[in-house]
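A short write-up of the structure that comes next.
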Amino acid sequence: MAYTLKDSWTGNEFIKGNEKGDKWSFFHQPDPTHGQVNYGKWNELIKIVDGKIKIEVESEGYKPGVKRKAIRIYTEKKYNGGLFIIDLDHIPEGMAVWPAIWLLGTGATWPENGEIDIIEGVNSIPSKHNRNHSTLHTKKGCVQNIPNIINPDCNAQDGLLGCGVTGPENSFGHRFNQNGGGAYACEWVHNQTIKIWFWKRSDIPANVLGNSPHPNTWGKPYVHFNPCPGYFKDMEMIVNTTLCGDWAGNDFKGGIDKCNGYVSDANNNPKFKDAYFLIRSVRVFMP
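Be aware that the sequence shown starts at 67, since it is given in the working numbering, and climbs by one per residue.
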């Protein structure tokens, strides 16, 4: 299948808009995953570094008594398929940290129009959680009996657990960052399959980062979800980092209360200095 570039963002284009005027908006509501963050348009947490966008979590400036400032941005444009390619140097890491780049179905109560988690994980430190998790969350009826699936029912726990596959070694967290980052590609053919690939920086095929990507030349994806027609529609793309919350909090040693205490302790401010995205580009192609 041949693809044509439709949307592309690098650096300040995420906030100011690309050449077509398309941009990402800031999310200002309470965290739906119950994290210890205050989402908003915090300009001090957005920086442009060598043409890349750096998206941080509040660290050194934090004072107890409030939730830490954090960023969640989303595309104003909605998608019903496409090839999504993410090139990034750094994924937020550290205890209590829960970063994600994902697609969320809009226009209905979650998870009616689905969710596709491309990049996601929690509590990444050198000895823990260095593999990415790619997961689908859906309404009832989407079941994935595929190799290496953690849970086949994409509506498990009313969608909260979902159905996911663990990515390759060093596809997330500290070791991903040590290796200079890498690239992810998610091919979503509407009402058909969803495939996801990962490459470390030194292994990225040339056409992945070019203007004519050819997924048929990339080899086997690490996850190939089966069709669930009608389960994914009108999806916005999201980049966010939360702290603790439903997953990272419960995964934290000692549980969610210990996690919340860790995040709200200003003595731990330096431990959040590596909780940032450094993104080279996000591009969306259409057949």
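No residue lacks a Cβ here, since even glycine has one placed at the ideal position from N, Cα and C.
With Lys332 and Val163 assumed to form a contact (beta carbons below 8 Å), what rounded beta-carbon distance in angstroms separates them?
Inspection of the sequence shows that residue 332 is occupied by Ala rather than by Lys. The Cβ separation is near 17 Å, so there is no contact.
Would you identify the three-state DSSP class for Ala314, choosing helix, strand or coil?
Ala314: helix per DSSP, three-state reduction.
Quickly, what does DSSP pair Cys252 with across the bridge? List them, please.
For Cys252, the pairing in a beta bridge is given by DSSP as Phe150 and Ile262.
Rounded separation between Trp263 and Ser237 - CA only
Put simply, the backbone Cα of Trp263 is about 10 Å away from that of Ser237.
If I follow the unbroken alpha helix (DSSP H) through Asp224, where does it start and stop?
Note, Asp224: premise wrong, no alpha helix (DSSP H); not H, not E.
Are the Cβ atoms of Thr307 and Val123 separated by less than 8 Å?
At a Cβ-Cβ threshold of 8 Å, Thr307 and Val123 count as neighbours.
So, using beta-carbon positions, are Leu149 and Pro281 closer together than 8 Å?
Taking 8 Å as the Cβ cut-off, Leu149 and Pro281 qualify as a contacting pair.
Can you look up Lys324 in the DSSP assignment and give me helix, strand or coil?
DSSP places Lys324 within a helical segment (H, G or I) once states are collapsed to three.
Taking the alpha-carbon positions, what's the Tyr128 to Ser91 distance?
For the pair Tyr128 and Ser91, the Cα-to-Cα distance works out to about 24 Å.
Identity of the residues DSSP links to Ile186 by a beta bridge:
It should be noted that the sequence gives Glu, not Ile, for residue 186. Glu186 pairs with Ala166.
Collapsed DSSP secondary structure at Lys129 in the structure displayed
The answer is coil: DSSP assigns Lys129 none of H, G, I, E or B.
Close-in-space but distant-in-sequence residues of the same chain around Lys266 (CB under 6 Å, 5 per side omitted):
Cβ neighbours of Lys266 beyond the five flanking positions: Asn245 and Gly248.
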